[in-house]
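Quick notes on the structure that follows.
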Amino acid sequence: MKNKRQKTNKKQQVAIVESLDTKIAKAVYAEKKISERIIGYFPYELQFVKATYFGTTQRPAKISAIEKGIVGILLIDGHSSFSTIGQILGLDVVNDKAEKSILSKALDGLRSFNAIEGDDDYIVLTEAGKVYADKGERPDTYQKSFDIFVDSDHADWKTIKNALSTVNEHIKFVNTKCEDLSLTIDEIKEYAAVQAQDVHYPQERYLLESADWKEGHKGSYKMYICFVQGVSTGIVRAFAFDENINSLNPVVAEYINSDATLASQLLDKCIKLECEMNFDTQILDEEAAKEARANVSLDIIEAEKRLVDEEAEEEQIVEETNAENESNKVEKTSIAKPAKKTTVKTKDRLHKKALYDSVSFEVELQKIFKEDNPDEIWLMSPWIRKSAFMNDRGPLIENFLADENKRIFIAYSEPAQSQNDEKPMMDEEVEPGIKMLADQYPNFFYVQLPEFHFKNVIEVKGDQKILFSGSFNVLSFYVSEHQTHVRREEMALANPSIAKSKYVSFQVEFAEKYAERIKKEIEELSIEAVGSYENERMDYFLGIDNSEIKKIYIPIVELLEEKKYQGIVSSIRKRLTTIGQQLVALANTIGVNSKKKIELKKELDIIEKDMNTNSVDDPSLAELLSNNKQLLEHVKEQKIFPGRKEGFKRNNPQQRQTSPRTIGAVQQSDILSEDPEATKDGLSLYLARLSQAFINREIKKTPMNDKLLAIVQDDELVKLMEMLTVMPSRNRDNAFDLSIGISSYLFRYPTLFNHKEEFTAKQKRTQQRLTQVNQNNIQEIVKKLS
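Following this line, the structure appears as structure tokens:
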């Protein structure tokens, strides 16, 4: 465990490249109906031939002004002559050769496409000419090369080229030419009418007259076909996803949905691939399906109903909105209408659908991580697989953890006892990443729990606990004229009360696992490192308002405090020993100058303050401190101008008599001959006086040990206590420290040697914070309790 991180800005987030699974899921999820579940998807290769022809087409062309004049004259008069038409058009066809030539060419042109007939003396319109006169057009013939895409296996699919019109550069073509497809002119016309309308499009009178084969090349293009099924209707339909443009292709989907045979074949492939890729998905026979359907949970059944209701509500809202918009378009008024009151959803409230298929739930997970802004996300699954974690979950988790106020919890299962598959529950490629997350982010938690088979996702935001729970469902499809039954897992939204209960339960399980880890860490800490040790995960669990979790962590907190106390005592002992050694050396040599004496006195004062602050009541340290103070006072003082020499005064009997004694004769106190009252106040006062007598060295440790044993052997007195613990001594290997909590005070009796088993048998703990009694507050506490 690393020390607590410095509070800094968010870490730079990892750029997430969406996987193909996520892209397909998002595209289909956005277009499908609420009550449609995604069955699955698979890659589908479109196979076709790019056939190139040289064609001759007759198309309409606008007639010239003079041609239009001639047709107009004939249409009105019925017939006319060369000279009369020239006269009406204002042309001098008798005297002007140029004008005569102009009219001759115009009449020859009309004759060439059968618009007029007769000689120059009698000219009339043909039936075709009357049509041209009405349209203002004439037929024109031109030639050009054109391409069509032909899927011989699906001859009805005439729109295949149109479906790929935006991705021509991604189509794979074989360089080797293929043989003539031997299509008839009528078959070519059918394709051209859709794919090459500049050579054949009857609606606009473009008519292909002939087409000669030039060359052909086989082509292919990959798409992903995704099937969905209506929850209530059972209707199945396909979507086509194009990875190159990251969107759906409605033309391909429309054709698949229109061809029942093709749709059935592709659905069959889709189901089989789903079963191969996900062992939770299984094809069942009729009998097994009947049995499995009987075991479908009530949660799934109710979720399906809610899903249908949600869709109906949304459709009604859309209809009302459309009707209102139409009404607003019709109604034109300058008077401002009052705003219609609408129910506004609270921004921070989470709104989820009742049921998710596995693909749709991937989209929901993306939303949870990126949009919902939750405080915690809990991911519980029997296994952690490389395919999902490395590409999808891992980057999402790392970005989420960049905000140190958020937390991620991951749990996976221990392997089944009878498991034949030796594959670990966590893929070995995933484990290094998991450990790095745990090492770098104290807001990341992961545990391996006893064998379980459920999938749960919990989203926590404020007081909201959203639980998605995996449960098996049975779906039926008509494939190749027979029914196929599939058992697979879906994620259902759980009842809020169940979500809260599960959340609390998981918190306890994680707390237990982390308690083991944290305790081991603390036990392995060196005395030098313990002082700076902090653990954010332990702080998190201690901050949970749960008595069961607090009960787990109180002993660990006490262990850490005890070890920190040992570290403090060890540090103080080293400091005092070092000062004592310096004083002895100075006393036996040159003495101490005034500056050094002041420095040593300050250091001893600091040590004494540290002892008081940390409630260090070790008699041996108190004695060592006192001895150092006395030695400092009596070390020969160096003088700049020593004057007359004097001997070292330590052997002066008078001085020795006035020196304070560090260990005097211990007087037996009357407290040992008394018995405590069997009340909380009476026992509290007695323990306070007993502690006071020991601190003042009025009683010895062994009689105090025996008196404490007598108290603990009285069950009525033990009932009055809030806490009684026995811990290994900080100073002596074979000794123990006894702590008794009562009336919100903590009395500590260190380094006892006798009757450890009797004290241990009566241990009890509390979650209450107690005030520790020490030499600095003992007088005040005795006075307060008296």
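Residues 25 to 810, numbered by the working numbering, are exactly what the sequence shown covers, in order. C-beta: ideal position from N, C-alpha, C; glycine also.
Residue state for Ile-622 is assigned as helix, using DSSP reduced to three classes. Beta-bridge partners of Val-198 (DSSP): none assigned. By the criterion of a C-beta distance shorter than 6 Å, Asp-120 is surrounded by no residue of its chain, once the five residues flanking it on both sides are discounted. When C-alpha distances from Leu-389 are compared across Ser-411, Ile-719, Leu-374 and Arg-417, the shortest belongs to Arg-417. When the Cα atoms are used, Gln-507 and Val-498 turn out to be separated by approximately 13 Å. Taking one beta carbon from each stretch, the segment 618 to 633 and the segment 569 to 588 have fewer than 3 pairs nearer than 8 Å; the two do not touch. Under the three-state reduction of DSSP, Glu-161 is assigned to strand.
Counting along the chain, Ala-85 sits inside the beta strand (DSSP E) bounded by residues 60 to 86. Judged by DSSP in its simplified three-state form, Gly-615 adopts coil rather than helix or strand.
Within the segment 545 to 618, the alpha helix (DSSP H) runs of at least 4 residues that lie entirely inside it are, in chain order, 551 to 554, 560 to 566 and 571 to 611.
When the alpha-carbon of Ala-152 is set against those of Leu-134, Val-581 and Thr-165, the nearest one is in Leu-134. As DSSP reads the structure, Tyr-436 sits in a beta bridge with Gln-472.
Contact between Val-255 and Leu-331 holds: their C-beta atoms lie close to 6 Å from each other, under 8 Å. When secondary structure is reduced to three states using DSSP, Asn-480 falls in the strand class. Each residue's CA atom was taken as its position, placing Val-484 and Ala-523 some 10 Å apart. Per DSSP, reduced to three states, the secondary structure at Glu-746 is coil, with no helix or strand assignment. Using a C-beta cut-off of 8 Å, the segment 105 to 120 makes no contact with the segment 282 to 292, since fewer than three inter-stretch Cβ pairs fall below that distance. With fewer than 16 other beta carbons inside 10 angstroms of its own, Thr-190 counts as exposed. Counting every other CB atom within 10 Å of its CB across the protein chains shown gives Arg-162 a total of 16 or more, marking it as buried.
Judged by DSSP secondary structure, Ala-49 falls within the alpha helix (DSSP H) whose first and last residues are 44 to 55. For Lys-246, no alpha helix (DSSP H) encloses it; the enclosing beta strand (DSSP E) starts and ends at 231 to 254. Leu-188 sits in coil when the DSSP states are folded into three classes, being neither helix nor strand.
Under the 8 Å Cβ criterion, the segment 473 to 484 counts as touching the segment 526 to 545, having at least three qualifying pairs. According to DSSP, residue pairing for Tyr-769 in a beta bridge involves Ile-766 and Thr-795. Within its own chain, the residues whose Cβ lies closer than 7 Å to the Cβ of Tyr-215, once the five positions on either side in sequence are excluded, are Ile-172, Val-174 and Lys-182, listed in chain order.
When DSSP states are grouped into helix, strand and coil, Asp-761 belongs to the strand group.
For Glu-315, there are no CB contacts under 8 Å within the same chain when 5 residues up- and downstream are skipped. Around the beta carbon of Met-450, 16 or more other beta carbons lie within 10 angstroms, which makes this residue buried.
DSSP places Lys-182 outside both helix and strand once states are collapsed to three, so it counts as coil. Counted as a single uninterrupted DSSP element, the alpha helix (DSSP H) harbouring Val-276 occupies residues 274 to 282. In this structure, Leu-707 sits near Ile-766, with a CB-CB distance shorter than 8 Å. Per DSSP, Val-387 is one residue of the alpha helix (DSSP H) stretching across 382 to 394. Proximity to Glu-326 across Leu-648, Asp-399, Leu-770 and Ser-59 peaks at Ser-59, based on C-alpha coordinates. Straight-line measurement puts the Cα of Lys-213 at about 30 Å from the Cα of Ser-88. The residue among Asp-101, Asp-381 and Asn-273 with its C-alpha nearest the C-alpha of Asp-304 is Asp-381. Distances from the alpha-carbon of Glu-781 to those of Phe-760, Val-797, Gly-142 and Tyr-769 put Phe-760 closest.
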